[in-house]
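In what follows, a structure is listed as structure tokens, so that the remarks can point back to it.
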Amino acid sequence: MTINRKDFFKVLGITGASVVLGKDLNAAQKRDDKVEFSGILYDSTRCAGCQTCESSCAEANGLPAPTETIQAGVLRKTDESHRTVVNAFNSSKGEAYLKKQCMHCNDPACTAACLTQAMYKTKEGPVIWRGEKCMGCRYCMVSCPFDIPKFEYHSSNPKIEKCNMCYSRLNEGKIPACVENCPAEALLFGKRRDLVKEARKRIGENPGQYVDHIYGEHEAGGTGFLYLSAVPFEELGLNPSIQTESYPGLSKGFLYSVPTIFVLWPAILLGIREATKNNHLNAEENE
Amino acid sequence: MSNTDFTIAKDNDGKSILQFLAGELKPRGKFLTPFNIISIPIIILGLIIIVIRFWKGLGSVTNLTQEVPWGLWIGFDVVTGVAFAGGAYVLTFMVYILNVQKYHSIVRITVLNGFLAYVFYAGALLLDLGRPWNVVNPIIGNSFGTSSVLFLVAWHFLLYMIAQLIEFSPAVAEWLGAKRARKILSGMTVAAVIFGITLSTLHQSGLGALYLMAKDKIHPLWYSEFIPVLFFVSSIFAGLSMVIFEGSISHRVFFDQISEENHKSHKGIMVGLSKICAVAMFAYFFLQVLVFVHGKRWDLLGTPMGYWYLMEIFGFVLLPMLLFFYSYRHKNVNMIKVAAIITMLGVILNRLNVTVIGFRWDSAIRYIPTWMELVVTLAVIFTEIWIFRWVINRMPVLRESPSWVNVKE
């Protein structure tokens, strides 16, 4: 293929224009669409610990069916082949259950950590992992305060496994597999805003049944997955020391200082160099 | 050895460049030295382990867990290795920005050491990547995770390697006898130095900033919002201690390459560096105390981790700082070397305390590296020393530049 100068500039011009215009159009479109974050409300008081969510999750995501059964006091964790687990706890109000999976934070640490945008907060709410971008650095795992992303250590082509709120099912107009199959209606899928209202309503109608706290409403800057419980959440193995500000805020100060240093440093350094230019003339005296 | 530079430059005119390079690639000197006998098997073993690692996955050779995803290869090779490579930016700052010509004779070897450290220790990062074929994503393509500290660090590693290569390139040009190229390349030095210092400031602190989001996972005695500042300040004396340590070794090993004049100035350089180390360490110690008092951490001192912290601060910061001050006063070069070694151990301790030892200190199953992780780490270090030695034996790093180079720069 040959290309002459004139054609080259023509192509260059068209490319340039389309890049500029394309960006504008995208930006305009974004301002219009007001998609609200979706989320899931989990009511621990309704959960019977039947593990149907675990098996339907495995089925929907092509993972091996769970074989372990729940035992109070034994803490199971999500791993590279289990995106969600339910644990039983001997709480102050008898045996209680708690489902664990990705919290789908509003401002997730993992996506702020990801240097390739492989971990990605979709505009619909789910935090998803995109394998074609991921380089497997595991910085998301270091950063996630809930220890959710899991890595396939025994694979030559390892993936990061974590709940993605059944993002592909959502795109087909379905709801997450765990919510759809929960026989006790402990799980509820909806817009996060509505779920918070629903949770408040349940607490308000049965103040004796619930602790007055929606775990996830403020934790880590707000999460897409919300919890209701009859007992304080630390009795159910949820970390009470999670801060209410978002985690990416912790490194924001550092990142904001970068452009400042990038502009000021070279100027200062050049200035010092000019100021000390004649130093070597009296270097002998200093020795 | 000392007059080979002239012959190389002359030979080069007669031979083709390929013949010249082929000749230079051949090993020189005695082959069965103690260093070679130890390093060769370890490098071979390391290569075998690396093959297994890419074939069977990271879990087959490392003890990394889902809770502790970064181990020795990141905590030591990358985070600690880069701190030790900090000497290059500190020395170029003094020589090219402050115009302190006293240190000019050790700039080249320090920049070479820094450059190789970045190539190998950042290279070790590739071993740790689960999906290394995607490593170009943050550099080219449409996957810029600009909100990530790691994105910044990755870019800075790459750019700083280029800057250091430019800083070192006049030596390569002198080796190849490329006079015109040398002139152009040495004209770029100051720009590369200024760019390099800016990059270093940001990524030395950036390595600490990587851990800012792991707030709940790092022991509170080592976590604070000031990790970036602490990492930056400690990289100054970490790098200079490495310069002192490496300088005293190369001074002996490559004795015959060093000119009479530079032999004489060696002691003065060591003493000068020890003063800078002492001052930087004082600043660091003061910062640590401020962070400690400000964070109201008195009640943590009575625990085993508290004793460990006190040992780091008093045994490996305050003690070597006093040694540096003392040996500067008394011009005691041996004491300076001792202080440099203690400082280096302290920096290793500090970086590992943040990244490995204090990371998930409360977890039931602690991460302890496998022997294979250690072997790979050693293999990386030994390979770097091999290349380092190869370059020094061929290029004018320690020895004087060939006679065609204008002495005044």
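Keeping their order, the protein sequence lines are chains E and R. Count the first sequence with the numbering used here and you get residues 548 to 834, in order. Count the second sequence with the numbering used here and you get residues 6 to 414, in order. Where a beta carbon is used, it is the ideal one built from N, C-alpha and C, also for glycine. These numbers come from a predicted model, not from an experiment.
For R:D82, the three-state DSSP class (helix, strand or coil): Start at 1 with the first residue of the second sequence, and residue 82 of chain R comes out as number 77. Here R:D82 sits in helix by DSSP.
Exposure of R:A176, with buried meaning 16 or more beta-carbon neighbours within 10 Å: The sequence position of residue 176 of chain R within the second sequence is 171, counting from 1. Result: buried.
8 Å Cβ cut-off: residues of chain E touching R:P143: For the purposes of this step, residue 143 of chain R is taken as the residue at position 138 of the second sequence. Those are L662, T663 and M682, listed as they occur along chain E.
Contact with chain E by R:M193, beta-carbon distance below 8 Å: If you number the second sequence from 1, residue 193 of chain R lands on position 188. Judged by the 8 Å Cβ criterion, R:M193 is not in contact with chain E.
DSSP state of R:L217 mapped onto helix, strand, coil: Your numbering for residue 217 of chain R matches position 212 in the second sequence. In this structure, R:L217 counts as coil in the three-state DSSP scheme.
Cβ of R:P137 within 8 Å of any chain E Cβ: The residue given as residue 137 of chain R occupies position 132 in the second sequence. Yes, R:P137 lies at the interface with chain E (some Cβ there is under 8 Å from its Cβ).
Rounded separation between R:V124 and R:M166 - CA only: Here residue 124 of chain R refers to the residue found at position 119 when the second sequence is read from its first residue. Here residue 166 of chain R refers to the residue found at position 161 when the second sequence is read from its first residue. For R:V124 and R:M166, the gap between their C-alpha atoms comes out near 7 Å.
Under 8 Å from the C-beta of E:A656: neighbouring residues of chain R: Along the first sequence, read from residue 1 onward, the residue named residue 656 of chain E stands at position 109. Within chain R, the residues M218 have their CB atoms less than 8 Å from the CB of E:A656, given in chain order.
Residues of its chain near R:S210, where Cβ-Cβ distance is below 7 Å and the 5 sequence neighbours each way are ignored: To locate residue 210 of chain R, count along the second sequence from 1; it is residue 205. Residues P233, V234, F236 and F237 of the same chain have their beta carbon placed closer than 7 Å to that of R:S210, with the five preceding and five following residues left out of the count.
Neighbour flag for E:A643 against chain R, beta carbons, 8 Å: What you label residue 643 of chain E is simply residue 96 of the first sequence in a count that begins at 1. Residue-level contact by beta carbon fails for E:A643 and chain R, as no gap is shorter than 8 Å.
Proximity test, Cβ basis, 8 Å: R:V112 and chain E: Taking the first residue of the second sequence as 1, we reach residue 112 of chain R at position 107. By this cut-off, R:V112 is not an interface position.
Nearest to R:L157 (by Cα), restricted to the options R:L215, R:R113, R:A168 and R:I79: Residue numbering aside, residue 157 of chain R sits at position 152 when the second sequence is read from its first letter. Closest option to R:L157, judged by alpha-carbon separation, among R:L215, R:R113, R:A168 and R:I79: R:L215.
Collapsed DSSP secondary structure at E:K697 in the structure displayed: Within the first sequence, residue 697 of chain E is the residue found at index 150, counting from 1. Residue state, collapsed to three classes: strand.
Where R:T308 falls: helix, strand or coil (DSSP): As a first step, residue 308 of chain R must be located in the second sequence, where it is residue number 303. DSSP places R:T308 in coil when its eight states are reduced to three.
Residue-chain proximity (R:G64, chain E), Cβ-Cβ < 8 Å: In the second sequence, the residue the question calls residue 64 of chain R occupies position 59. Chain E contact via Cβ: present.
DSSP beta-bridge partners of E:S585: Translated into positions along the first sequence, residue 585 of chain E becomes position 38. DSSP lists E:K738 as partners of E:S585.
Span of the alpha helix (DSSP H) around R:Y331: Along the second sequence, one-based indexing puts residue 331 of chain R at 326. First-last of the alpha helix (DSSP H) with R:Y331: L324 to H335.
Length of the line joining the Cα atoms of R:I202 and R:V100: Taking the second sequence and counting its residues from 1, one reaches residue 202 of chain R at position 197. Taking the second sequence and counting its residues from 1, one reaches residue 100 of chain R at position 95. The straight-line gap from Cα to Cα measures roughly 12 Å.
4-residue-minimum alpha helix (DSSP H) runs that sit fully inside the region 706 to 789 of chain E, ordered along the chain: If we require 4 residues or more, the alpha helix (DSSP H) runs fully inside the region 706 to 789 of chain E come out as 714 to 718, 724 to 728 and 739 to 752.
Alpha helix (DSSP H) segment containing R:A168, residue limits: One-based indexing of the second sequence puts residue 168 of chain R at position 163. From DSSP, the alpha helix (DSSP H) with R:A168 extends over V154 to L181.
Which listed residue (R:I341, R:E72 and R:L245) has its alpha carbon closest to that of R:I370: What you label residue 370 of chain R is simply residue 365 of the second sequence in a count that begins at 1. Of the candidates R:I341, R:E72 and R:L245, R:E72 places its Cα closest to the Cα of R:I370.
Rounded separation between E:L816 and R:E179 - CA only: Working through the first sequence from its first residue, we reach residue 816 of chain E at position 269. Working through the second sequence from its first residue, we reach residue 179 of chain R at position 174. Cα-Cα distance, rounded: 28 Å.
Minimum Cβ-Cβ distance from E:E699 to chain R less than 8 Å: Sequence index remark: in the first sequence, residue 699 of chain E carries index 152 (1-based). At a cut-off of 8 Å, the C-beta of E:E699 has a neighbouring C-beta in chain R.
Nearest-angstrom Cα separation, counted from R:V402 out to R:L190: Position 185 of the second sequence holds residue 190 of chain R. Position 397 of the second sequence holds residue 402 of chain R. Taking the straight line joining both Cα atoms gives about 16 Å.
Residue-chain proximity (E:S715, chain R), Cβ-Cβ < 8 Å: Counting from 1 along the first sequence, the entry for residue 715 of chain E is found at position 168. No, E:S715 lies away from the interface with chain R (no Cβ there is under 8 Å from its Cβ).
Length-filtered (4 minimum) alpha helix (DSSP H) runs lying within the region 19 to 105 of chain R: Complete alpha helix (DSSP H) runs here, min 4: 22 to 30, 39 to 61, 86 to 89 and 92 to 97.
Cutoff 8 Å: R:G244 Cβ touching any chain E Cβ: In the second sequence, the residue the question calls residue 244 of chain R occupies position 239. No, R:G244 lies away from the interface with chain E (no Cβ there is under 8 Å from its Cβ).
Segment contact flag, the region 392 to 407 of chain R with the region 85 to 101 of chain R, C-beta cutoff 8 Å, min 3 pairs: Contact fails between the region 392 to 407 of chain R and the region 85 to 101 of chain R, because fewer than three Cβ pairs, one in each stretch, are under 8 Å apart.
Separation of R:F287 from R:R33, as counted between CA atoms: Your numbering for residue 33 of chain R matches position 28 in the second sequence. Your numbering for residue 287 of chain R matches position 282 in the second sequence. The alpha-carbon atoms of R:R33 and R:F287 are separated by roughly 44 Å.
C-alpha gap between R:S44 and R:L37, whole angstroms: The sequence position of residue 44 of chain R within the second sequence is 39, counting from 1. The sequence position of residue 37 of chain R within the second sequence is 32, counting from 1. Cα to Cα, R:S44 sits roughly 11 Å from R:L37.
Test item: CB-CB of E:G672 and E:R739 under 8 Å: On the first sequence, residue 672 of chain E is found 125 positions in, with the first residue counted as 1. On the first sequence, residue 739 of chain E is found 192 positions in, with the first residue counted as 1. Their beta carbons are under 8 Å apart, which means E:G672 touches E:R739 by this criterion.
Continuous alpha helix (DSSP H) stretch holding R:Y123: start and end: Counting from one through the second sequence, the residue named residue 123 of chain R turns up at place 118. Run containing R:Y123: V112 to D133, per the alpha helix (DSSP H) assignment.
Cutoff 8 Å: R:S279 Cβ touching any chain E Cβ: Looking up residue 279 of chain R in the second sequence gives position 274. Answer no: the Cβ-Cβ gap between R:S279 and chain E never drops below 8 Å.
Coarse secondary structure for R:E230, derived from DSSP in three states: Here residue 230 of chain R refers to the residue found at position 225 when the second sequence is read from its first residue. Reduced to three states, the DSSP call for R:E230 is coil.
Helix, strand or coil at E:G678 according to DSSP, with G and I counted as helix: Counting from 1 along the first sequence, the entry for residue 678 of chain E is found at position 131. Correct three-state label for E:G678: coil.
Chain E contact residues for R:I167, given Cβ-Cβ distances below 8 Å: Taking the second sequence and counting its residues from 1, one reaches residue 167 of chain R at position 162. Simply none; closest approach about 16 Å.
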